[in-house]
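Reading through the structure tokens given below for one structure.
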Amino acid sequence: MRKLNNNNSKGSILVETLIAFSILILIINTFFMCRSYYFKETINQEDSMKETLFLEALKNEIYYNQSFEDWELTCNKEYYIENEYIKMDFIKHKNILEIMKEESQIKKPYIKINTIKTEDILEVNIIFIKEYSSKKIKLYKGNY
60 MRKLNNNNSK
70 GSILVETLIA
80 FSILILIINT
90 FFMCRSYYFK
100 ETINQEDSMK
110 ETLFLEALKN
120 EIYYNQSFED
130 WELTCNKEYY
140 IENEYIKMDF
150 IKHKNILEIM
160 KEESQIKKPY
170 IKINTIKTED
180 ILEVNIIFIK
190 EYSSKKIKLY
200 KGNY
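Position in the sequence shown counted from 1, then plus 59, gives you my numbering.
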């Protein structure tokens, strides 16, 4: 910094103050942007974890608690599970065949289930469709 007694630097103190203040504002702005990005990613990660756990519970419900004969009736058709049923409570307390619908005009996010029969094996494709992405699980259920 320059000496205060120098007459040639009449506006330099004001300029130095404005520069220091603008640098402080930039640092604070960067801090808050990073913080908001962190919270946004944390929320997205929690949503992704809930979706993954729901898909895993749905897969286990189909694989272990549903009979081959019940799923054989759903062959070569596409069924949909609406957004309101994509919760762990519905998997635990309701039968999956009750919450599946054949309507394709459903608002996103939803789950699409497609079953294909080959010999004595059912290939069940479960696709979780969101606005911009999708997750897919494939499982096989046999008659044994």
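Ideal placement from N, C-alpha and C gives every residue a C-beta, glycine not left out.
A quick note: this is a predicted structure, and the numbers were derived from the prediction, not measured.
Spatial distance of residue i from residue j (CA atoms)
i: Ile-102; j: Ile-180; result: 39 Å
i: Phe-113; j: Phe-187; result: 10 Å
i: Glu-100; j: His-152; result: 31 Å
i: Tyr-138; j: Val-183; result: 11 Å
i: Glu-141; j: Met-159; result: 8 Å
i: Lys-197; j: Gln-164; result: 23 Å
i: Gly-70; j: Thr-76; result: 10 Å
Option nearest residue i by Cα separation, candidates the options
i: Asn-119; options: Ala-79, Ile-155, Tyr-96 and Glu-141; result: Ile-155
i: Lys-109; options: Met-147, Leu-83, Ile-165 and Glu-157; result: Met-147
Residue i - DSSP class collapsed to helix/strand/coil
i: Lys-194; result: strand
i: Ile-82; result: helix
i: Thr-76; result: helix
i: Lys-146; result: coil
i: Thr-177; result: strand
Is it a yes or a no for the region 79–98 touching the region 168–178, going by three-plus beta-carbon pairs under 8 Å? No: fewer than three Cβ pairs fall under 8 Å.
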